[in-house]
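For reference, the structure is listed below as structure tokens.
There are 2 protein chains.
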Amino acid sequence: MSLDAVLARIDADLPAATDRLMTLLRIQSISTDPAFKSECDKAADWLVADLNSIGIQAEKRATPGHPMVVGHVGDPDSDVPHLLFYGHYDVQPVDPLNLWTAPPFEPKIEDTDNGPVIRGRGASDDKGQLMTFVEACRAWKEIHGNLPCRITFFFEGEEESGSPSLVPFMEANAKELKADLALICDTSMVSRGVPSIASQLRGMLKDEFTITGPRIDLHSGHYGGPGLNPLREMARIIASFYDDETGKVTVEGFYEGVHEVPAEQLRQWQSCGFDEADYLHSVGYSMPHGETGYSTLEQQWARPTLEVNGMWGGYTGAGSKTVIPSQAHCKITCRLVGDMDPDALRGRIRKHVEDHLSTDAKVSWDQDLEGSPAPVMNIERPEFEAARGALSDEWEREAVFTGMGGSIPIAGFFKSVLDMDAMLIGFANDDDAIHSPNEKYDVKSFHKGIRSWARVLEALTKAG
Amino acid sequence: MSLDAVLARIDADLPAATDRLMTLLRIQSISTDPAFKSECDKAADWLVADLNSIGIQAEKRATPGHPMVVGHVGDPDSDVPHLLFYGHYDVQPVDPLNLWTAPPFEPKIEDTDNGPVIRGRGASDDKGQLMTFVEACRAWKEIHGNLPCRITFFFEGEEESGSPSLVPFMEANAKELKADLALICDTSMVSRGVPSIASQLRGMLKDEFTITGPRIDLHSGHYGGPGLNPLREMARIIASFYDDETGKVTVEGFYEGVHEVPAEQLRQWQSCGFDEADYLHSVGYSMPHGETGYSTLEQQWARPTLEVNGMWGGYTGAGSKTVIPSQAHCKITCRLVGDMDPDALRGRIRKHVEDHLSTDAKVSWDQDLEGSPAPVMNIERPEFEAARGALSDEWEREAVFTGMGGSIPIAGFFKSVLDMDAMLIGFANDDDAIHSPNEKYDVKSFHKGIRSWARVLEALTKAG
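Chains as they are written, first to last, in this note's numbering: chain C, 4 to 467; chain F, 4 to 467.
As structure tokens, then:
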């Protein structure tokens, strides 16, 4: 089958593809606000109809929340690869509305210094990204009458509101959804024009603890001096988590399961065009503050963290109160990499705190906060190198296996619920303002994104 | 003049004196709640009438808040000592009402293991204490027709709500209020049956600061690692305030102006019957946590502190949020002793924080939080030793010059506004539950308190 004809079709159809995206962007599918429930439903209906128009069997499936869209194309009995494509049709709320330069659900093309962009809520996250794949399939079908592989489409409408229905739906429909590999288009390129496959994500451990000193709040005049203050105790214990010289976490065994980044991967990262200074300066940093001896990208993608996300205790209102409070509180999260075991780590952190407590101080732990290991992207599979080649061809620049500092739960769910590897390819840029006013998607991301998927589909078919 | 006759009169009049106190206790003079404004007024009226009934010129004086009561007795042109007596007629709110075993404004005598008590809001703080002095004056007048010295009575009705009118009123009536020495009856005995003159109070310095890391709140996935976290920074800086081995504050120059307690004073403290174990155990401590090498009483009365009263930043709601916040906040107070200079100390603390900040962290300071040096009780004045002798006689036990961990602003105001020394003598016990449900005053405190003042008045007249 000829790829060139498909790419030519994509180029010719770009105005119509853009119009279709605009139609989808006009639907106000804000999932977190019940007032927009019917709009979420409408977006699901629109996607079903659009898939049907290409000749793909698709339907809306009810959940306790917003509906899923599931579609299938290709012969289950053939031996071509079976891919699942995941995206989400719901969008973030638009507040603060007054910071938008145009109504968020009246999308338009705008010229910018970096070329034309599609401006509107969901243009990048995730309607625009989702449609890059749909449009690639459309072009392929129009040129060749069918797709080079078997594909299951799986769109959810609750990604921006915690995906409460996702795992139950996957469990209830595991047989139908299981494929050889999942493709996810919900990530960014590491820098403008550098095609990226996110191959290294971090896991997560959450915990929360309370340090109790005196039985009751005390008057700092009466007990100031002999009285143990849990705020001071909390500060001392948090400070004890870190070696300020090296930036390392001092919790015993913290780095067990952490692996150094392979040289080849480091080479890709070093040449991926990531602008460290800009990344740091944009938020007010002059330097990276993590472990010494590691670059910003390594600190963020390949090294674990123990982060304090919240800390509170005592009097926090206006003015002053002369209190030695009974309790101090702290919320922490760890980002995990490699083979770090969240359960073992939770025990180590708790032991560290208990070992460092003063006489008369007590600690209690919040229960049932979840942990998940770092998702493993199985980049040894030939599809990963095949996709990298396809992306490199399209963008005329070596594609990069990047890391991601955050966690993408869906990738972990595909593995844990369906035992299916996932590959994350996305064309967003860091300046897309997702979750913020004036969200946009570069027309170049949309156009070359569609072309990228056309190439990737062919490459995966050959590799599979 | 015969003291014995006065003491006998006090003994005989105790039932009537108790009835008078009960009447005053039935007035619901809660100063902080506007709903009780007329009750505060009523308490002031009652006191004016009661003073008048003894033959003391007294009147209610309006303020922007609750009224003052000012009374005078004695000849301005005589050369007997002129004393000012201060007390307050307002009381704390009574919440939580359900914890009271009887209505708070229906006082009654109850028998307890430590003897009979007068139970009711204000019984100890400060109506009972205030009336010990008034009743001593009444007995003296009844026996001798006049008092041994000239006295100005000064009662306020806003002590439990921050005394907003106090200093302006003192300034506006300085000439009228100025006396040789102020007597204040609003403190406790160091332990049951041990008469106490609070001669060592601590001063106060308040400050508040904010540490800013990134310009905005960051996602802990994206920036966790390279991102400086102001909560960690705050913890490190608070921890750096202290030497955990010695319990000392590490701020350079912090102890400038701190003096060791004279041996004679230490001896009094050591033999004052203070039950250290009980004091600590009652709030959950097994040991004192202040500077090593100092007793609990020294840590609390004679050593300065740097206390964290509030600390907060990041996400503090239910569950978890993966945020590196932009800011962390902290409220501190210092208790000052000796000649510590609050302004110099503020500068030292601010310098310590600034010197310990990491690159990219910034600190800002709340302005206009007040500081006041430790009030100096001029115990070299002969009146102090005279009063101590009088109290020792009454309680048949050596009276003690004690310290107080807290600050009594009125003592400082008498000095700063009227250039008048103050002497703090009180008969409350630590178990009086002031500010709490079921407040009480031992009948013994009331009875021997009245007798104590009769003796003190005579002793001060001789000493003055």
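Think of the CB as a built atom: it goes at the ideal place given N, C-alpha and C, for glycine as much as any other residue.
As the structure is a prediction and not an experimental result, all values here were calculated from the model.
Quick test of the definition: if touching needs 3 or more C-beta pairs under 8 Å, does the stretch 264-274 of chain F touch the stretch 187-196 of chain C?
no
Out of C:SER439, C:PRO328, C:LYS465, C:SER455, state which residue places its alpha-carbon closest to the alpha-carbon of C:PHE136.
C:SER455
List the residues of chain F that C:TYR245 touches, going by C-beta distances under 8 Å, in chain order.
ARG235, ARG239
Residues, ordered as in the chain, of the stretch 167-199 of chain C that lie near chain F by beta-carbon distance below 7 Å:
none
Beta-bridge pairing of C:ALA185 - partner residues as DSSP gives them
C:LEU87, C:ALA425
By the 7 Å beta-carbon criterion, what residues does the stretch 279-297 of chain C contribute toward chain F?
LEU283, VAL286, GLY287, TYR288, SER289, MET290, PRO291, HIS292, GLY293
Mind checking who C:GLU211 pairs with in its DSSP beta bridge?
C:LYS334
Between the beta-carbon of C:HIS225 and the beta-carbon of C:GLU159, is there less than 8 Å?
no
Using a Cβ-Cβ cut-off of 8 Å, state whether F:HIS225 counts as contacting chain C.
yes
Local conformation of F:HIS292 per DSSP, three classes:
coil
Do F:CYS152 and F:HIS85 have their beta-carbon atoms positioned less than 8 Å apart in this structure?
yes
Alpha-carbon to alpha-carbon, F:ASN312 and F:THR336
7 Å
Can you round the beta-carbon distance between C:GLY341 and C:ALA364 to whole angstroms, since I take them to be within the 8 Å contact cut?
Their Cβ separation, rounded to whole angstroms, is 34 Å, which puts C:GLY341 and C:ALA364 out of contact at 8 Å.
Work out the CA separation of F:GLY230 and F:SER329 for me, nearest whole Å.
10 Å
Where C:ALA242 meets chain F, residues with beta-carbon distance less than 9 Å:
ARG235, ALA238, ARG239, ILE240, ILE241, ALA242, SER243
I'd like to know if the stretch 4-14 of chain C and the stretch 136-145 of chain C are in contact, where contact means that at least 3 CB-CB pairs between them fall below 8 Å.
yes
Judging by CA-CA distance, which residue of F:PHE404, F:LEU348, F:THR405 is the nearest neighbour of F:GLY471?
A query on residue 471 of chain F cannot be resolved here, the shown segment of chain F reaching from 4 to 467 and no further.
Pairs of beta-carbons, one from the stretch 427-435 of chain F and one from the stretch 125-133 of chain F, closer than 8 Å: are there three or more?
yes
Under 9 Å (Cβ pairs) to chain F, residues found in the stretch 310-326 of chain C
GLU310, VAL311, ASN312, GLY313, MET314, TRP315, GLY316, GLY317, TYR318, THR319, GLY320, GLY322, SER323, LYS324, THR325, VAL326
Any C-beta of chain C sitting closer than 8 Å to the C-beta of F:ILE437?
no
Simplified DSSP assignment, three categories, for C:HIS355
helix
Terminal residues of the alpha helix (DSSP H) in which C:HIS147 lies
130-147
From F:ARG64, F:ASP48, F:GLY77, pick the residue whose C-alpha is nearest to that of F:GLY58; which is it?
F:GLY77
Using a Cβ-Cβ distance cut-off of 8 Å, determine whether F:HIS222 contacts chain C.
yes
Out of C:PHE387, C:LEU24, C:PRO440, C:ASN381, which one is the CA nearest neighbour of C:GLN418?
The sequence given here has Lys at residue 418 of chain C, not Gln. Nearest option by C-alpha distance: C:ASN381.
Chain C beta carbons: is any one of them nearer than 8 Å to that of F:PRO229?
yes
Cutting at 7 Å between CB atoms, please list the residues of its own chain near C:ARG218, excluding the five before and the five after it.
SER329
Distance CB(F:VAL120)-CB(F:LYS443) smaller than 8 Å
yes
Please report the straight-line C-alpha distance between C:GLN370 and C:ASP210, rounded to a whole angstrom.
8 Å
Rounded to a whole number of angstroms, what is the C-alpha to C-alpha distance between F:ALA20 and F:ARG306?
41 Å
Does any residue of chain C bring its CB to less than 8 Å from the CB of F:GLN60?
no
Taking the CB atoms as reference points, tell me whether F:GLU174 and F:VAL366 lie closer together than 8 Å.
no
Rounded to whole angstroms, how far is the Cβ of C:PRO1 from the Cβ of C:ALA126, which I believe are closer than 8 Å?
Shown here, chain C extends from 4 to 467; a query on residue 1 of chain C therefore has no answer.
Counting only beta-carbon atoms, is F:THR464 nearer than 8 Å to chain C?
no
Measure the Cβ-Cβ separation of F:GLY316 and F:LEU394 and say whether it is below 8 Å.
no
Helix, strand or coil for F:SER395 per DSSP?
helix
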